[in-house]
Every structure is written in C-alpha cells, then in structure tokens.
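Encoded as structure tokens, the structure appears first; notes follow it.
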Amino acid sequence: MKFVVSFLYLAMVLMSPITWAAKTYLTLDSVAVLDSPNGSIVEQWAKRTLFTSDSESDEWITISGHFPKGQWQPLETDLFIKKSEPLKLRIPYKENSARTIVYRALHTVGVDAKRYKLLADTKVYFYNPQTVKPDSSSEAEDPSNETESALSADSVNTESLNTDSVNSEKIEAEPAKTAIWKKDTVFTSASEDRYIIKATGYVSENSWQALDKPVWIKKSAQYQDRTKPLKYERKSGSKRFAVIDKKRFELSVYEVVDGKKEKLMRTPVALGFDRCLPEEKGGKCYYTPEGEFEVEFQLFDPDGINWCIPPKMSGEFKNKIAKGERCSRGTMGNYAMHFGNSYFLHGTSNPNSIGGRTTHGCIRLRNPDIEMVYQMLKNGDKVLISETPEEFDLFALAGQKPALEDETKPAELEKLKSEELRKEELETESIL
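Sequential numbering from 1 applies to the sequence shown in full-length UniProt numbering.
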C-alpha cells in the first residue's frame with residue numbers, strides 16, 4: 001500500500017507544473033502575452049522587457065511580476081508566455097571579475113591636509129623630537145627625564161598645550177615638554193615625514209580648532225587615518241559620466257570636454273539580483289534600473305558607512321534582526337554616491353561578490369575602485385545604466401557638439417566598437 005501511494009505521489013509531481021524560487025527572464029524580441037495557456041493574447045511585450053516567474057510547465061511560463069519604471073510589481077492575475085518565444089533566463093551570478101584599468105593618470109586638487117584619530121592615549125611633544133641636539137637626545141627619549149604636562153581632560157585644551165604654561169604645583173619649574181592626548185582625539189596635520197607628524201589643529205564637538213602652537217606625534221603611535229580623499233582635477237567646462245554596462249558588469253567613467261570624449265577608467269561591478277528571492281528569504285524582487293540618473297549626494301566614513309536593514313528587507317534578514325543586528329558598519333565600504341530612488345554606487349565587505357548579480361539594486365564596487373570613482377565624480381554628474389550603453393549620446397548629454405575627429409558615421413559605429421573592445425582586451429592582457 002505504501003508503495004502504491006508513493007508511486008501515485010511521484011506521478012502527480014511529474015505531471016504537475018514545475019515550481020521553484022522565482023526566476024527572471026528577458027525578452028529578446030517582441031513577445032505575445034496570454035491570459036491563459038492557449039488563451040487569448042492580452043498584451044504584446046517589447047524587446048528587453050524583464051519579468052519574473054515562479055512556475056512553468058513544459059510549454060508555458062507563468063508570469064508573476066514585471067519591472068515597470070525599474071521597480072518590480074506583482075501581477076494581479078497570472079499571465080502566460082510560451083517557452084518557444086525568444087526569451088533569456090537571467091543568470092544570478094557571474095564569476096571571475098575583470099581587473100580595473102585606468103586610462104589617464106589624474107592629479108588631485110585641494111589642500112593636502114591630513115586628519116587622524118588616536119586609537120590609544122598618546123604622548124605628544126611640544127618640540128620635534130627628531131631635531132633635538134645630540135647631547136640631549138637621550139634625555140628627550142627617556143620619559144623619566146621629561147617634564148610632562150598633566151593633561152587629563154577628555155578633549156584637547158589649547159591652553160594646556162601652550163609651551164608658556166607651567167605646572168601649577170611648581171611655579172618655578174620649566175615649561176612642560178610633553179603631554180598626553182586622550183584616545184579618540186582627532187587632530188589635523190599639513191606636515192609629516194617617515195617618523196613624525198606635526199599637528200596644527202584638532203576637532204572638538206565637530207568643529208576644527210587651531211592649536212596655539214604645533215605639537216609633534218611619533219608615527220609609532222596608534223592612530224587611524226581619517227583623511228577625506230581629494231578630488232581629481234577636472235578640465236574647465238568638462239562633464240563626467242559613470243556609464244554602467246549591465247551586460248558586461250562594468251562601470252566606465254568618461255569625460256567630455258571641448259567636443260572630445262575620453263575614457264578615464266573601467267572597473268567591474270556587481271549588480272542587482274534581477275530576480276525575486278524565495279519566500280523563506282522574504283520573496284522580495286530586486287533589480288538595478290536602467291536609465292539616466294545623477295549623483296545627488298556622496299558619503300564618506302573612515303569607520304565604514306553605517307547601513308541599517310530597511311523594513312522591506314526584514315524577511316530576508318529576520319535572523320540578524322532577531323539578534324539585534326539591524327545595523328552594521330562597513331557593509332557598503334567607506335564610500336557611497338546616491339542616485340535615483342534610494343540606489344547607491346558603493347563599496348563592499350565582500351569583494352568576491354564583484355562581477356555578479358549579488359546586490360539589492362545598488363551598484364557595488366571593490367573598495368579601491370569606488371574610492372577612485374568617488375574622487376572622479378561630483379554631485380550632478382550623470383549615472384547612465386543600460387545593457388546597451390553605446391546608445392547614450394554623451395555629447396548631447398554634455399550639451400556639446402563632437403569635434404570633427406570625434407564625429408562618427410552610423411555605419412562605422414560597429415567597427416569602432418569592435419576595435420575598442422580588442423584594444424581593451426590587449427590592455428587587460430598586458431596587466432595580467
């Protein structure tokens with residue numbers, strides 16, 4: 001009896017439509033959408049339309065949702081597409097991401113000042129210990145021979161750092177030679193060498209304050225570099241674009257100036273799943289939208305950007321939320337640039353994810369790569385996303401006309417595209 005029941009159950013499974021976690025398909029040409037298998041045509045979907053399906057049979061795919069205006073929406077009633085239609089299953093992952101190529105060396109502009117944070121209580125000097133006279137060098141290195149300032153306040157006090165101040169208990173004593181700066185003190189410097197840092201200011205309550213006189217800190221101290229990277233130079237009147245090729249999982253930065261277009265860099269990226277997660281992971285659908293956007297604001301945090309799980313992802317991260325781990329630092333790296341509807345170009349804590357469909361819609365880069373992109377772009381620069389990025393007219397978007405040598409006849413586009421691709425392949429091979 002048990003054998004008969006098992007056989008009947010197996011037969012039912014084999015004859016029923018196959019069900020699985022939702023998948024994403026892309027139409028490769030115009031396709032007919034029906035209200036039921038072998039039913040009536042209710043819509044004609046254009047080429048490159050994305051849709052999701054959570055079940056299919058040998059002949060039919062059941063449509064469960066699509067992505068109007070770049071946002072996934074479920075269908076009120078199921079629709080159907082014949083499997084023989086020109087369709088492509090979107091593969092969730094892509095391995096072996098490419099190397100980053102920088103096509104032109106750029107120079108940074110701005111004040112080359114540094115910002116540091118002490119990771120432990122640290123001795124600072126009111127003189128440069130690297131320039132003391134030989135007969136007093138041993139004395140300077142011996143803490144027992146130094147007169148140390150009693151600096152016990154939680155924040156830096158410029159008055160206590162003044163070499164004219166004296167120890168209140170010994171009015172006749174010589175001025176203090178050293179002091180102790182507390183852990184977490186943030187200070188700035190515009191001068192340093194291999195051994196010593198010259199501090200000229202500090203940060204108190206998010207406000208920078210100049211020191212009355214500089215102090216010196218040995219580089220053997222424990223500290224964190226919190227310097228915000230300088231931006232790369234830009235030619236006057238230039239426009240820059242971050243162009244994302246969804247087919248090749250690449251981001252390229254272009255500069256258009258004086259009617260000429262130049263590629264500055266190319267780097268691999270990770271993109272949105274372009275599919276729906278299974279129900280046990282929340283069932284949400286994530287997609288990297290195509291279109292024209294612009295950088296709206298930028299983030300930099302040397303401790304790692306603090307990312308918190310949004311309510312719409314609660315099902316996917318329910319275990320973390322149950323442990324009280326809704327927020328974490330470093331998931332997005334140290335740099336992020338916002339564009340579109342809550343999307344970012346950002347770094348990662350998982351560089352192995354680059355080159356695949358592994359994000360919730362954002363464009364993810366390796367941390368050294370996003371730092372370069374951060375330095376190249378500014379607010380207002382365009383972010384262009386497409387599977388056919390060659391369709392973007394960068395000259396028109398920059399409000400410029402191409403110079404004569406940059407004007408290209410339509411018949412020559414494919415030839416130039418092939419030549420550029422081969423050139424990039426040779427450049428990549430030369431790096432490997």
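Cβ atoms here follow ideal geometry from the backbone N, Cα and C, with glycine treated the same way.
Span of the alpha helix (DSSP H), counted from its first residue to its last, around residue i
| i | result |
| --- | --- |
| residue 274 | Element bounds for residue 274: n/a, residue is neither H nor E. |
| residue 373 | 367-376 |
heavy atom of the ligand FAD below 7 angstroms from residue i C-beta
| i | result |
| --- | --- |
| residue 335 | The ligand content of the structure shown is nil, which means the ligand FAD is not present either. |
Three-way DSSP call (helix, strand, coil) for residue i in this model
| i | result |
| --- | --- |
| residue 74 | strand |
| residue 179 | strand |
| residue 397 | helix |
| residue 350 | coil |
| residue 294 | strand |
| residue 319 | helix |
| residue 281 | helix |
| residue 250 | strand |
| residue 68 | helix |
| residue 214 | strand |
| residue 129 | coil |
| residue 85 | coil |
| residue 229 | coil |
| residue 268 | strand |
| residue 262 | strand |
| residue 390 | helix |
| residue 98 | coil |
| residue 403 | coil |
| residue 289 | coil |
| residue 34 | strand |
C-alpha gap between residue i and residue j, whole angstroms
| i | j | result |
| --- | --- | --- |
| residue 295 | residue 338 | 6 angstroms |
| residue 461 | residue 220 | Limits of the chain in this structure are 1 at one end and 432 at the other, which puts residue 461 out of reach. |
| residue 179 | residue 367 | 37 angstroms |
| residue 28 | residue 80 | 16 angstroms |
| residue 45 | residue 89 | 16 angstroms |
| residue 355 | residue 376 | 21 angstroms |
| residue 61 | residue 371 | 43 angstroms |
| residue 33 | residue 63 | 9 angstroms |
| residue 86 | residue 115 | 57 angstroms |
| residue 229 | residue 347 | 15 angstroms |
| residue 369 | residue 207 | 31 angstroms |
| residue 106 | residue 233 | 7 angstroms |
| residue 251 | residue 310 | 26 angstroms |
| residue 202 | residue 217 | 13 angstroms |
| residue 381 | residue 261 | 15 angstroms |
| residue 329 | residue 303 | 7 angstroms |
C-beta atoms of residue i and residue j nearer than 8 angstroms
| i | j | result |
| --- | --- | --- |
| residue 110 | residue 198 | no |
| residue 267 | residue 108 | no |
| residue 22 | residue 58 | no |
| residue 394 | residue 287 | no |
| residue 113 | residue 189 | yes |
| residue 272 | residue 357 | yes |
Per-residue burial, residue i [other beta carbons within 10 Å of its own, 16 or more giving buried]
| i | result |
| --- | --- |
| residue 73 | exposed |
| residue 450 | Examination of residue 450 is not possible in this model, given that the chain is present from 1 through 432 alone. |
| residue 350 | exposed |
| residue 433 | There is no way to answer for residue 433, as the model of the chain reaches only from 1 to 432. |
| residue 194 | exposed |
| residue 77 | exposed |
| residue 322 | exposed |
| residue 169 | With a pLDDT of 46 at residue 169, under the threshold of 50, the predicted position of this residue should be treated as unreliable, though the coordinate-derived value follows. Burial call: exposed. |
| residue 316 | buried |
| residue 403 | exposed |
| residue 245 | buried |
Start and end residues, beta strand (DSSP E) containing residue i
| i | result |
| --- | --- |
| residue 197 | 196-204 |
| residue 311 | Segment: none, residue 311 is in no beta strand (DSSP E) and carries neither H nor E. |
| residue 186 | 186-192 |
| residue 44 | 41-45 |
| residue 337 | 335-339 |
| residue 116 | 114-118 |
| residue 243 | 239-245 |
| residue 357 | 357-359 |
Any chain D beta carbon closer than 8 angstroms to residue i
| i | result |
| --- | --- |
| residue 31 | Considering every chain present, this structure includes no chain D. It has just one protein chain. |
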